[in-house]
Amino acid sequence: MTSHSVPAPAVRGRIGTVGAGAVTNISAGGWRYIFWMQAAFHGTTALGLFCFYWPPPPKKNARRPRMSLRECVWACDPVGSFLFVGSATLMLLALDWAGGTYAWADPRVAVPLALGLGLLILFALYEWKGRRDGLVAHVFFRRNANFAYAVLAFAVEGWIFYSAVNAVVPQIVLHLGFEPDDAWRISVRQLSYQLLVLSASVPVTWYATRYKDLQSPLLVTFTVFLVVSICYANIRPSWDAAQIGLNVLAGIGQSGPLTLLVACAQFTAPHAYLSTATGLAFSARAVGGAFGSAVLNAIVAGRLGRGYADAVGAAAVGAGLPEAGVPLLLEALGSGGHGGGGGGGDGGGDVPGLTPAAWEAALAASRSEYARAYRLAWASVVPFVVLAIVAVALLKGVKDLMTEKVEATVEHVAGESEAAKT
1090 MTSHSVPAPA
1100 VRGRIGTVGA
1110 GAVTNISAGG
1120 WRYIFWMQAA
1130 FHGTTALGLF
1140 CFYWPPPPKK
1150 NARRPRMSLR
1160 ECVWACDPVG
1170 SFLFVGSATL
1180 MLLALDWAGG
1190 TYAWADPRVA
1200 VPLALGLGLL
1210 ILFALYEWKG
1220 RRDGLVAHVF
1230 FRRNANFAYA
1240 VLAFAVEGWI
1250 FYSAVNAVVP
1260 QIVLHLGFEP
1270 DDAWRISVRQ
1280 LSYQLLVLSA
1290 SVPVTWYATR
1300 YKDLQSPLLV
1310 TFTVFLVVSI
1320 CYANIRPSWD
1330 AAQIGLNVLA
1340 GIGQSGPLTL
1350 LVACAQFTAP
1360 HAYLSTATGL
1370 AFSARAVGGA
1380 FGSAVLNAIV
1390 AGRLGRGYAD
1400 AVGAAAVGAG
1410 LPEAGVPLLL
1420 EALGSGGHGG
1430 GGGGGDGGGD
1440 VPGLTPAAWE
1450 AALAASRSEY
1460 ARAYRLAWAS
1470 VVPFVVLAIV
1480 AVALLKGVKD
1490 LMTEKVEATV
1500 EHVAGESEAA
1510 KT
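Using this note's numbering, you'd call the opening residue of the sequence shown number 1090 and step up by one each time.
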């Protein structure tokens, strides 16, 4: 179970990341090719399923009786799904708008956020008191609290990966001047993280399988990522080489959670609920990632909105730029087309009165302001990593479940129905 958690998706992720960097670097609109490629892949997958996936019809004496359309819809927990999807949509919309479009006190932010939190509370109450076999089936908690701890840790991992690692780190590389304004070079630099995730998952999987211990490697890898988070919370524009080392440590730190947390959730579920447990775990990761991205974007945008323009303008004017040229300078830095985003170079050639000294002063101030914003964003990640470590530390051992026994075989085995019932 654990051996399949990372390698195939990791390989696809590495290819996708480098490919995305390559097509983005073609032109200003090169990012559109990413979505055309996604459409082609998804379309090919759907066509393949329609053409080649023809499971045999269920037999009349099958152990699970045929269900009516109404029963199928009810089995999907429509009430819980509506409450959960509505809650997540409203809260994500509010957090996205709070990332710079509107102020936190604006009704466009406050109202969706309050409604989303209300629906989330209703969802929790409904899954607790209204239905035992819904999205959050009560059977997951019958043995112990491992499912809750594993899903919580997986949600935190999604928060960390999709926001801090996948979104903020490439921005750090760009805006702090570690690489020029070149998507291809940034994506290649990120291989120092991605290849470590792939390679470190092998010894993690071997140890967990050999010693039937999921907790220890999770504690070690999450602790490594805690160190990474603390280091990023102190990032400086001078940390060019050090940031590659942080990428390596981050890859090691995420190899454990990506490999083992799904298995932790799956071990808590009876085989009849295995797909539900897996889907809920990955949903928690995706929702955690979505919320993390929204929150960190809001933190970065808020910090830059408060001081970026004033700091950069003051630095450039102090180095000889006429005040009338500040708006054009900020526009040049924001476009990234003149090396302002992170590459250096002469830059700002279209700004009247801009001397090389003023450009360098503005560029240094820009990088310093971005570093402050990213430090604040990463500082907000640290408590979540600690929360994940606590959740993993509370996990109970699953050694007794890591056996050669197959609970639900593909072939019908005599006596299996009776065993499944017990």
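All C-beta atoms, glycine included, are put in the ideal place defined by N, C-alpha and C. Computed from a prediction, not measured in an experiment: that's the story for all the values here.
Beta-carbon separation (whole angstroms), residue i vs residue j, contact threshold 8 Å
{"i": "V1317", "j": "L1285", "result": "That pair is no contact at about 11 Å."}
{"i": "V1200", "j": "Y1191", "result": "Going by Cβ atoms, the distance from V1200 to Y1191 rounds to 11 Å, so no, they are not a contact pair."}
{"i": "G1247", "j": "R1374", "result": "4 Å"}
{"i": "A1447", "j": "F1243", "result": "With 8 Å as the limit, A1447 and F1243 do not qualify as a contact, their Cβ atoms being about 49 Å apart."}
{"i": "Q1279", "j": "P1259", "result": "7 Å"}
{"i": "G1471", "j": "A1322", "result": "Here residue 1471 is Val; the residue named in the question, Gly, does not match the sequence. The pair is a contact, with the Cβ atoms about 6 Å apart (cut-off 8 Å)."}
{"i": "V1245", "j": "F1473", "result": "5 Å"}
{"i": "G1378", "j": "Y1251", "result": "3 Å"}
{"i": "Y1142", "j": "A1226", "result": "Wrong, their Cβ atoms sit about 27 Å apart, outside the cutoff."}
{"i": "D1166", "j": "R1220", "result": "7 Å"}
{"i": "G1407", "j": "T1444", "result": "Going by Cβ atoms, the distance from G1407 to T1444 rounds to 12 Å, so no, they are not a contact pair."}
{"i": "A1330", "j": "V1389", "result": "The Cβ separation is near 24 Å, so there is no contact."}
Min CB distance residue i to chain C below 8 Å
{"i": "L1369", "result": "Absence of chain C from the displayed structure is noted, only one protein chain being present."}
Cβ-Cβ distance between residue i and residue j below 8 Å
{"i": "L1263", "j": "I1275", "result": "yes"}
{"i": "S1455", "j": "L1417", "result": "no"}
{"i": "Y1238", "j": "A1480", "result": "yes"}
{"i": "L1206", "j": "G1175", "result": "no"}
{"i": "F1450", "j": "A1405", "result": "Inspection of the sequence shows that residue 1450 is occupied by Ala rather than by Phe. Taking 8 Å as the Cβ cut-off, A1450 and A1405 qualify as a contacting pair."}
{"i": "G1340", "j": "F1311", "result": "no"}
{"i": "L1241", "j": "L1211", "result": "no"}
{"i": "R1232", "j": "T1365", "result": "no"}
{"i": "S1457", "j": "P1326", "result": "yes"}
{"i": "L1179", "j": "L1204", "result": "yes"}
{"i": "V1257", "j": "A1460", "result": "no"}
{"i": "A1482", "j": "L1287", "result": "no"}
{"i": "G1072", "j": "V1415", "result": "For residue 1072 there is no data in the structure shown, the boundaries of the chain being 1090 and 1511."}
{"i": "Q1355", "j": "I1261", "result": "no"}
{"i": "G1223", "j": "G1169", "result": "yes"}
{"i": "F1380", "j": "Q1343", "result": "no"}
{"i": "P1411", "j": "G1442", "result": "yes"}
{"i": "L1476", "j": "N1235", "result": "no"}
{"i": "S1290", "j": "L1335", "result": "no"}
{"i": "A1177", "j": "V1376", "result": "yes"}
{"i": "R1464", "j": "I1324", "result": "yes"}
Residue i (DSSP reduced to helix, strand or coil)
{"i": "T1365", "result": "helix"}
{"i": "Y1397", "result": "helix"}
{"i": "Q1279", "result": "coil"}
{"i": "T1348", "result": "helix"}
{"i": "R1274", "result": "helix"}
{"i": "I1341", "result": "helix"}
{"i": "A1358", "result": "coil"}
{"i": "D1166", "result": "coil"}
{"i": "A1252", "result": "In the sequence under discussion, the amino acid at residue 1252 is Ser, which differs from the Ala named in the question. Residue state, collapsed to three classes: helix."}
{"i": "M1126", "result": "helix"}
{"i": "G1432", "result": "With a pLDDT of only 37 at G1432, under 50, the local geometry of the prediction cannot be trusted, and no value is derived from it."}
{"i": "G1486", "result": "coil"}
{"i": "A1135", "result": "helix"}
{"i": "M1156", "result": "coil"}
{"i": "L1335", "result": "helix"}
{"i": "D1195", "result": "coil"}
{"i": "F1267", "result": "coil"}
{"i": "G1423", "result": "helix"}
{"i": "A1323", "result": "Checking the sequence shown, residue 1323 turns out to be Asn, not Ala. In this structure, N1323 counts as coil in the three-state DSSP scheme."}
{"i": "G1118", "result": "coil"}
{"i": "D1439", "result": "coil"}
{"i": "L1030", "result": "Here the chain comprises residues numbered 1090 to 1511, so residue 1030 is not present and cannot be evaluated."}
{"i": "L1417", "result": "helix"}
{"i": "Y1215", "result": "helix"}
{"i": "Y1459", "result": "helix"}
{"i": "L1204", "result": "helix"}
{"i": "A1512", "result": "The requested residue 1512 does not occur in the structure, where the chain is confined to residues 1090 to 1511."}
{"i": "T1091", "result": "The predicted model places T1091 with a pLDDT of 46, which falls under 50 and marks its position as unreliable; any figure quoted below should be read in that light. Note: T1091 maps to helix in three-state DSSP."}
{"i": "N1233", "result": "coil"}
{"i": "W1143", "result": "coil"}
{"i": "W1448", "result": "helix"}
{"i": "L1385", "result": "helix"}
{"i": "W1186", "result": "helix"}
{"i": "L1303", "result": "coil"}
{"i": "R1220", "result": "coil"}
{"i": "I1261", "result": "helix"}
{"i": "W1328", "result": "coil"}
Open item on the list: Does the stretch 1382-1390 come into contact with the stretch 1345-1360, if we say contact requires no fewer than three beta-carbon pairs (one atom in each stretch) closer than 8 Å?
Closed with: no
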